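Enquirer:
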Amino acid sequence: MNEEKSLNFLEEIIENDLSAGKYQQIHTRFPPEPNGYLHIGHASSIHLNFGLAARYAGKCNLRFDDTNPITEETEYVDSIRNDIKWLGYQWDNEYYASDYFEQLYSFAIKLIEKNLAYVDDSNSDQIAASKGDINTPGTNSPFRDRTVEENLKLFTEMREGKYKDGEKVLRAKIDMAHPNLLFRDPIIYRIKHAHHHRTGDKWCIYPMYDFAHGQSDSIENITHSICTLEFIHHRPLYDWFIQQLEIYPSHQYEFARRNLTYTVMSKRKLLQLVNENYVSGWDDPRMPTISGMRRRGYTAKAIRNFCDAVGIAKRENIVDLGLLEHFVREDLNKNAKRVMAVLDPVKLVITNYEASKTELLEIENNPEQENGGTRQVPFSKEIWIEREDFMVVPPKKFFRLGPGLMVRLKGAYIVKCEDFKKDENGVVTEIYCSYIPESKSGNDTSGIHVKGTIHWVSIAHAIQAEVRLYDRLFKVENPAAETGDFKDYINEASLQTLSKVNMEPSLSIAKPGEHFQFLRKGYFSVDIDSNEEALVFNRTVTLKDSWAKAQQKS
RNA sequence: AGUUCCAUUGUGUAAUGGCAGCACAACUGAUUUUGGUUCAGUUAGUCUAGGUUCGAAUCCUGGUGGAACUACCA
Numbered sequence: 003m004n005e006e007k008s009l010n011f012l013e014e015i016i017e018n019d020l021s022a023g024k025y026q027q028i029h030t031r032f033p034p035e036p037n038g039y040l041h042i043g044h045a046s047s048i049h050l051n052f053g054l055a056a057r058y059a060g061k062c063n064l065r066f067d068d069t070n071p072i073t074e075e076t077e078y079v080d081s082i083r084n085d086i087k088w089l090g091y092q093w094d095n096e097y098y099a100s101d102y103f104e105q106l107y108s109f110a111i112k113l114i115e116k117n118l119a120y121v122d123d124s125n126s127d128q129i130a131a132s133k134g135d136i137n138t139p140g141t142n143s144p145f146r147d148r149t150v151e152e153n154l155k156l157f158t159e160m161r162e163g164k165y166k167d168g169e170k171v172l173r174a175k176i177d178m179a180h181p182n183l184l185f186r187d188p189i190i191y192r193i194k195h196a197h198h199h200r201t202g203d204k205w206c207i208y209p210m211y212d213f214a215h216g217q218s219d220s221i222e223n224i225t226h227s228i229c230t231l232e233f234i235h236h237r238p239l240y241d242w243f244i245q246q247l248e249i250y251p252s253h254q255y256e257f258a259r260r261n262l263t264y265t266v267m268s269k270r271k272l273l274q275l276v277n278e279n280y281v282s283g284w285d286d287p288r289m290p291t292i293s294g295m296r297r298r299g300y301t302a303k304a305i306r307n308f309c310d311a312v313g314i315a316k317r318e319n320i321v322d323l324g325l326l327e328h329f330v331r332e333d334l335n336k337n338a339k340r341v342m343a344v345l346d347p348v349k350l351v352i353t354n355y356e357a358s359k360t361e362l363l364e365i366e367n368n369p370e371q372e373n374g375g376t377r378q379v380p381f382s383k384e385i386w387i388e389r390e391d392f393m394v395v396p397p398k399k400f401f402r403l404g405p406g407l408m409v410r411l412k413g414a415y416i417v418k419c420e421d422f423k424k425d426e427n428g429v430v431t432e433i434y435c436s437y438i439p440e441s442k443s444g445n446d447t448s449g450i451h452v453k454g455t456i457h458w459v460s461i462a463h464a465i466q467a468e469v470r471l472y473d474r475l476f477k478v479e480n481p482a483a484e485t486g487d488f489k490d491y492i493n494e495a496s497l498q499t500l501s502k503v504n505m506e507p508s509l510s511i512a513k514p515g516e517h518f519q520f521l522r523k524g525y526f527s528v529d530i531d532s533n534e535e536a537l538v539f540n541r542t543v544t545l546k547d548s549w550a551k552a553q554q555k556s
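3 is the number of the first residue of the first sequence in this note's numbering; add one for each residue after it.
1. What's the gap between the Cα of N142 and the Cα of A130?
2. Specify the secondary structure class of Q27 as computed by DSSP and reduced to three states.
3. Which whole runs of the beta strand (DSSP E) in the segment 5–68 are 3 residues long or more, in chain order?
4. What's the call for E252, buried or exposed, on a 16-neighbour Cβ count within 10 Å?
5. State the CB to CB distance for the pair R31 and N63, rounded to an integer number of angstroms; the pair is presumed to be in contact (CB under 8 Å).
6. The alpha helix (DSSP H) spanning Y107 covers which residue range?
7. Can you list, in chain order, the residues of its chain whose CB lies under 8 Å from that of G313, leaving out five sequence neighbours each side?
8. Taking 7 Å as the threshold (C-beta atoms), are D286 and G294 in contact?
9. Does DSSP put M160 in a helix, a strand or coil?
10. For L475, which three-state DSSP category applies?
11. Which of the three DSSP states is assigned to M3 in this structure?
12. Between the segment 409–423 and the segment 478–498, do at least 3 Cβ pairs fall closer than 8 Å?
13. In whole angstroms, what is the alpha-carbon distance linking I320 and E115?
14. Roughly how many angstroms lie between the CA atoms of T542 and W93, to the nearest whole one?
15. For V395, count neighbouring Cβ atoms within 10 angstroms of its own Cβ and tell me buried if that reaches 16, exposed if not.
16. How long is the line joining the alpha carbons of E558 and G324, rounded to whole angstroms?
17. Across which residues does DSSP place T291 in a beta bridge pair?
18. When the Cα atoms are used, what is the spatial distance from F185 to W242?
19. Decide if A110 is buried, meaning its Cβ has at least 16 other Cβ atoms within 10 Å, or exposed.
20. Grab me the residues of R148's own chain with a C-beta within less than 6 Å of its C-beta, minus the 5 sequence neighbours each way, in chain order.
21. Go ahead and pull the three-state DSSP assignment for L345.
22. Tell me which residues share the same chain as Y240 and place their Cβ nearer than 6 Å to its Cβ, disregarding the 5 neighbours each side in the sequence.
23. Below 8 Å on the Cβ atoms is my guess for V344 versus H457; work out the distance and round it to an integer in Å.
24. Just curious, the alpha helix (DSSP H) that P238 is in, first and last residue?
25. In whole angstroms, what is the alpha-carbon distance linking G46 and K303?
26. Using 7 Å as the threshold, is the C-beta distance between S218 and A99 below it?
27. With a floor of 3 residues, list each beta strand (DSSP E) that falls wholly inside the segment 452–518, ordered by position along the chain.
28. Does the separation of the CB atoms of N368 and K398 fall below 7 Å?
29. Assign N337 to one of three DSSP states: helix, strand, or coil.
30. Considering only the alpha carbon of each residue, which of T301, K423, E388 and I461 lies closest to E516?
31. Pull up the distance between the alpha-carbon of N307 and that of T447, whole angstroms please.
32. Taking just the CA atoms, how far does T499 sit from D101?
33. Report yes if the C-beta distance between A464 and V503 is below 7 Å; otherwise report no.
34. With a CB to CB cut of under 8 Å and the five nearest residues on each side skipped, what residues in its chain are close to S508?
35. Whose CA, out of K24, A462, G38 and L497, lies closest to the CA of T360?
36. DSSP beta-bridge partners for Q560?
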């Protein structure tokens with residue numbers, strides 16, 4: 003077995019670089035700004051950067067791009083570190099752009115000395131106005147021709163705190179008529195008298211992205227600096243700074259951001275959902291954040307497999323949420339313990355079963371695992387079954403319970419429906435069945451074969467727990483592309499809470515983070531809100547349900 | 001409009017001038033003490049018009065369509 007996996011465009015570049023002897027070892031980095039929680043798009047980038055380093059025996063740094071003190075917080079730093087580890091990756095070095103502030107400052111001095119940067123007293127509006135637009139060249143700032151000495155003095159004063167926010171900026175002196183707007187004398191330092199999460203009040207000037215990112219890459223000797231497509235216009239500027247500064251030539255490569263159906267991915271939008279309480283927090287199980295998916299019950303392995311399957315490319319895309327769910331099911335099918343819980347109960351009485359009797363039945367934990375073991379489940383005369391598993395007038399091919407129909411109770415006996423009771427509204431309240439003693443699971447000598455097997459919970463032994471049924475957060479595939487506010491497309495039914503679900507007693511010791519399959523109902527995981535007194539389960543994903551699908555069609 | 005990038009079944013991604021393949025989804029059927037899983041199979045694609053070539057998804061030209069850029073955000 004020698005399955006050749008084709009290379010993506012970055013792997014190709016790297017293999018060429020390596021074989022050409024351009025590098026002895028590659029070095030990548032994952033550079034989040036700590037201004038929000040990581041989401042599935044970041045997972046792709048993490049998987050890419052760490053994966054490339056692992057594949058080619060290189061290194062991958064974690065670098066926080068913390069050059070804007072206004073939006074960045076330690077809470078985000080902690081969550082980011084935690085999420086990366088949870089995904090299964092370990093960085094070689096942990097760095098912060100703020101570690102380089104002194105170095106970056108001296109880079110700026112160097113640029114001034116080369117007469118390639120100047121202090122501009124224009125305000126924000128004036129700078130924007132003189133920038134021109136895509137069809138019109140910009141005009142030079144009146145401050146563009148200050149002398150090197152004057153610029154040096156002014157920039158030093160900026161650092162010393164002599165000026166207020168917005169009063170002055172440092173700009174690179176390039177070309178106000180350049181077709182790439184980023185070359186029209188980009189601002190590289192601005193004044194912000196703000197507290198930084200790491201450097202505190204040491205600085206009141208902060209470098210802009212374009213004067214921090216590539217330089218940080220260079221300082222760390224990053225060989226392949228991988229980012230998303232919207233930075234493609236920045237690449238020439240990235241190279242220009244490196245060239246003028248005469249520092250280590252890192253190279254930038256871009257790939258297309260991953261989008262997912264039925265959700266939004268921009269941090270701005272996600273922050274809105276959190277701040278305006280459409281969700282309970284960044285880790286709400288409906289969020290596309292790593293922490294949300296973890297809480298929902300998605301596994302790290304499933305997410306890694308997903309990233310792998312989706313791959314990378316340079317074209318616009320929107321990946322079907324169903325693909326992610328496929329990998330979640332694939333992993334959970336192999337690993338989640340099967341248990342029984344009845345979400346919407348109706349009582350079933352076994353008329354010929356002794357009222358005082360309880361049997362402990364051995365039921366397999368996972369048919370996918372050879373050594374998955376068994377557990378004991380109590381069985382008695384009165385049990386809960388799923389309301390949808392009984393119909394007064396069953397349609398064709400309904401392999402469940404109805405008047406006169408037989409079904410197997412999972413791991414127990416075959417029962418036959420003899421009668422049922424309705425209330426004044428016509429709602430079925432009780433179902434009466436007889437059981438076949440010779441049909442006991444494991445040593446069935448009855449010779450009877452039934453089409454259907456249903457799950458159940460003994461009423462006398464059931465424990466109760468809260469169950470949260472989650473569905474997609476939005477009603478449309480691509481809410482960001484719809485007209486109007488994306489929040490108009492929120493699925494109001496994305497969370498349904500069932501407060502007292504009956505389930506088998508083995509679940510009483512379930513711990514937060516554990517995964518289960520509620521037989522025939524889906525995968526569920528224990529929420530972080532859960533404790534021994536009050537268990538809470540989140541529905542991770544439903545099982546495929548070809549019966550429901552067939553019913554819907556007819 | 002200028003610059004840059006992109007275009008392969010419904011979705012995502014391969015094919016690096018030589019048989020258009022894989023996964024998901026959809027649809028059949030078989031197996032099944034989960035209408036799950038598993039197994040077998042089916043449907044379905046190179047945006048368009050030219051050119052180069054023995055041969056083009058691939059290279060070239062034009063067109064069409066989409067995206068990004070005009071923050072003291074990253």
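Heads up, the beta-carbon is just placed ideally off N, CA and C, and yes, glycines get one too. Keep in mind the model is a prediction, meaning the values are calculated, not measured.
Expert: Put simply:
1. 12 Å
2. coil
3. 29–32 and 61–66
4. The sequence as given places Ser at residue 252; Glu does not occur at that position. Buried, since its Cβ has 16 or more Cβ neighbours within 10 Å.
5. 4 Å
6. F103 to E115
7. N10
8. yes
9. helix
10. coil
11. A caution first: M3 carries a pLDDT of 27, below 50, which makes its placement in the model unreliable, though a value can still be read off. Coil, per DSSP.
12. no
13. 47 Å
14. 29 Å
15. exposed
16. The question about residue 558 has no answer, for the chain in this structure spans 3 to 556.
17. H41
18. 9 Å
19. buried
20. Y120
21. coil
22. G216 and Q254
23. 7 Å
24. R237 to L247
25. First, the amino acid is wrong: residue 46 is Ser here, not Gly. Their Cα atoms are separated by approximately 13 Å.
26. yes
27. 458–460, 465–472 and 497–505
28. no
29. helix
30. T301
31. 44 Å
32. 46 Å
33. no
34. V341, R377, Q378 and V379
35. A462
36. Since the displayed the chain opens at 3 and closes at 556, residue 560 lies outside it and no answer follows.
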